[in-house]
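K.L.:
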Amino acid sequence: MGTDEHLTGDPGRTSEEVVSPYAAVDERDVETSLRPKSLKEFVGQGRVREQLGVVLDSAKARRQPPDHILLSGPPGLGKTSLAFIIAADLGASIRVTSGPAIERAGDLAAMLSTLDEGDVLFIDEIHRIARPAEELLYVAMEDFRVDVVVGKGPGATAIPLDVAPFTLVGATTRSGLLTGPLRDRFGFVAHMDFYADAELESVIARSARLLDIEIEPDGAAEIARRSRGTPRIANRLLRRARDFAQVRADGRLSLEVCRAALDVYDIDEMGLDRLDRMVIDALVRQFNGGPVGVSTLALAVGEEVQTVEEVAEPFLVRAGLLARTPRGRIATRAAWEHIGVPLPHDEARLF
Ligand SMILES: Nc1ncnc2c1ncn2[C@@H]1O[C@H](COP(=O)(O)OP(=O)(O)O)[C@@H](O)[C@H]1O
Ligand SMILES: [Mg+2]
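Numbering (full-length UniProt numbering), first residue to last: 1 to 351.
1. Mind checking which residues open and close the alpha helix (DSSP H) that includes Arg-333?
2. How many whole angstroms separate the CB atoms of Arg-240 and Val-18, which I take to be in contact at a CB cut-off of 8 Å?
3. On the CB-based measure, 16 or more other CB atoms within 10 Å of its CB, does Asn-235 come out buried or exposed?
4. Which residue wins for smallest C-alpha separation from Tyr-301, given the options Gln-286, Pro-291, Pro-314, Phe-315?
5. What are the complete alpha helix (DSSP H) segments, minimum 4 residues, inside the region 252–305?
6. Report the rounded CA-to-CA distance for Pro-165 versus Ile-213, giving the unit in angstroms.
7. Using a Cβ-Cβ cutoff of less than 6 Å, which residues in the same chain neighbour Asp-89 once the five nearest sequence positions on both sides are dropped?
8. What do you reckon, are the CB atoms on Ile-267 and Leu-322 nearer than 8 Å?
9. Are at least three pairs of beta-carbons, each pair with one atom in the region 23–31 and one in the region 58–65, less than 8 Å apart?
10. What do you reckon, are the CB atoms on Ser-81 and Asp-116 nearer than 8 Å?
11. Contact defined as beta carbons within less than 8 Å: I believe Ile-233 pairs with Pro-36. What is the distance between those atoms, to the nearest angstrom?
12. Name the two residues that bound the continuous alpha helix (DSSP H) containing Gly-91.
13. What number of angstroms, rounded off, separates the C-alpha of Arg-128 from the C-alpha of Pro-100?
14. Cβ-heavy atom distance between Ala-171 and ligand 2 below 7 Å?
15. Spatial neighbours of Glu-201 within its chain, please: C-beta separation below 7 Å, excluding the five flanking residues on both sides.
16. Report all residues from its chain with a CB closer than 8 Å to the CB of Pro-133; omit the five preceding and five following residues, and keep chain order.
17. When the Cα atoms are used, what is the spatial distance from Glu-347 to Ala-130?
18. At 4 residues or longer, what runs of the alpha helix (DSSP H) sit wholly inside the region 58–94?
19. Based on DSSP bridge pairs, tell me the residues matched to Leu-322.
20. Could you please give the first and the last residue of the uninterrupted alpha helix (DSSP H) stretch that includes Ala-224?
21. State buried or exposed for Gln-64, treating a residue as buried only when at least 16 other CB atoms are found within 10 Å of its CB.
22. Check the C-beta distance from Leu-297 over to Leu-316 and give it rounded, since I have them as a contact under 8 Å.
23. Is Thr-97 near ligand 2, in the sense that its beta carbon is under 7 Å from a heavy atom of that ligand?
24. Looking only at its chain, what residues have a beta carbon closer than 8 Å to the beta carbon of Arg-277, apart from the 5 residues adjacent to it on each side?
25. How many angstroms separate the CA atom of Ala-312 from the CA atom of Ala-249?
26. Throw me the rounded Cβ distance for the Val-169 and Phe-122 pair, which I believe falls under 8 Å.
27. Tell me, to the nearest whole angstrom, how far the beta carbon of Asp-218 is from that of Leu-255; I am working on the premise that it is less than 8 Å.
28. Name the one or two DSSP bridge partners that His-191 has.
29. Considering Val-146, what are the terminal residues of the beta strand (DSSP E) in which it resides?
30. Return helix, strand or coil for Leu-161, following the three-state DSSP convention.
31. Give the C-beta separation of Ala-171 and Ala-83 to the nearest angstrom, bearing in mind that I take them to be a contact with Cβ-Cβ under 8 Å.
32. Examine the Cβ distances between the region 193–200 and the region 323–343 and report whether three or more of them are shorter than 8 Å.
33. Closest by CA to Leu-238, which one among Leu-275, Ile-215, Arg-174?
34. Under the criterion of a Cβ to heavy atom distance below 7 Å, does Phe-315 qualify as lining ligand 1?
35. Between which two residues does the alpha helix (DSSP H) containing Gly-106 stretch?
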């Protein structure tokens, strides 16, 4: 696996998947140019913004680095953007790495030992860090010290090294996979949630301005509604609609042009793409609505379990089409209705 994949944590979807919440390789540059640069420019997530603002302002008032910060939430909601905003707000340098890139404790020790006081260390996908490195990390977070082990076996000795007081900013799509000791050492945890349609409309309006795209308000609303609560997807659909408008219309993104563009990319009224519909379809038609285990379901749609779990399901759950139960996945009444299959005779059992 290359470093790029490490940084995005993409479980294997390709750039053709227009509603993947992960960034495609060729999207990195445009994403960087669209990143909000300050908390003020950051749209939505009101509570996180307010709490984080207090954490940062009070640290600045004390002239001390703030507590370590964990950013938790699904891909594409602005975690990386926030990490850079935090560093910029503090006037600090930021060092960027990712959990999977830190294979050995020594890699991390080397990185920590070069930090200057007040630096921000951003570890993306922090739940994927190797265990020995994780243990070293939480000592560093608490005591600003690393124990470098020299030698092997009974003769090995640990040499303590001081680390300059720094702020760790960790990002994770799976906070449940963090060990207790690591989670406990974050003084502030920001739980990011999917965005409301109105917030996505603001994201789209802002991006359109930056990219010099002409879009009408109801066009922006249509794209927002189909963006699965995710700014990254909203920005991507905006660019795809722009492409469509340039070759099939006059370049202006009216409601009609946006609708036609979204149809071309096979994104339905609810923002479901092909994989989402396949999952719902298999649940209803092959498994009579479930319950069925996620690995069986993944097999039925020919996808990796991780992709079904992390890409399709969070949105399907949020859209009220799928329920996760201890006995397995269940299609809700709304799911049967969405794909137009008559409800089963024992429909009373449905959610
Ligand atoms: N609150 C926001 N306001 C404006 N744009 C946003 C916001 N959150 C995310 N974005 C846009 O979405 C893209 C993905 O955000 P990113 O920070 O990389 O998400 P994550 O790290 O959570 O996957 C960025 O290019 C950024 O332009
Ligand atoms: Mg990110």
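We put the beta carbon where it would ideally sit given N, CA and C, even for glycine.
Only a predicted model underlies this, so the values are computations on that prediction, with no experimental measurement involved.
P.N.:
From the atom records:
1. For Arg-333, the uninterrupted alpha helix (DSSP H) run begins and ends at 333–339, by DSSP.
2. 6 Å
3. buried
4. This sequence places Val at residue 301; Tyr is not what is there. Among Gln-286, Pro-291, Pro-314, Phe-315, the Cα nearest to that of Val-301 belongs to Gln-286.
5. 255–264, 274–281, 294–301
6. 44 Å
7. Leu-56
8. no
9. no
10. Contact flag unset, no.
11. About 16 Å separates the two Cβ atoms, so there is no contact after all.
12. It is not in any alpha helix (DSSP H) - Gly-91 carries neither H nor E in the DSSP assignment.
13. 5 Å
14. yes
15. Ala-220, Ala-221, Ala-224
16. Note that residue 133 is Ala in the sequence shown, not Pro. Closer than 8 Å at the Cβ level, and outside the excluded window around Ala-133, lie Ile-102, Glu-103, Arg-104, Ala-105, Asp-107, Leu-108.
17. For Glu-347 and Ala-130, the distance between alpha carbons rounds to 47 Å.
18. 79–90
19. Ala-331
20. 217–225
21. exposed
22. About 11 Å; that fails the 8 Å criterion.
23. no
24. These residues qualify, in order along the chain: Asp-268, Ile-339.
25. 32 Å
26. 5 Å
27. 4 Å
28. Its beta-bridge partners are Ser-72.
29. 145–150 is the span of the beta strand (DSSP E), which, as asked, contains Val-146.
30. In this structure, Leu-161 counts as strand in the three-state DSSP scheme.
31. Contact holds; Cβ gap of about 6 Å.
32. no
33. Ile-215
34. no
35. 105–113 is the span of the alpha helix (DSSP H), which, as asked, contains Gly-106.
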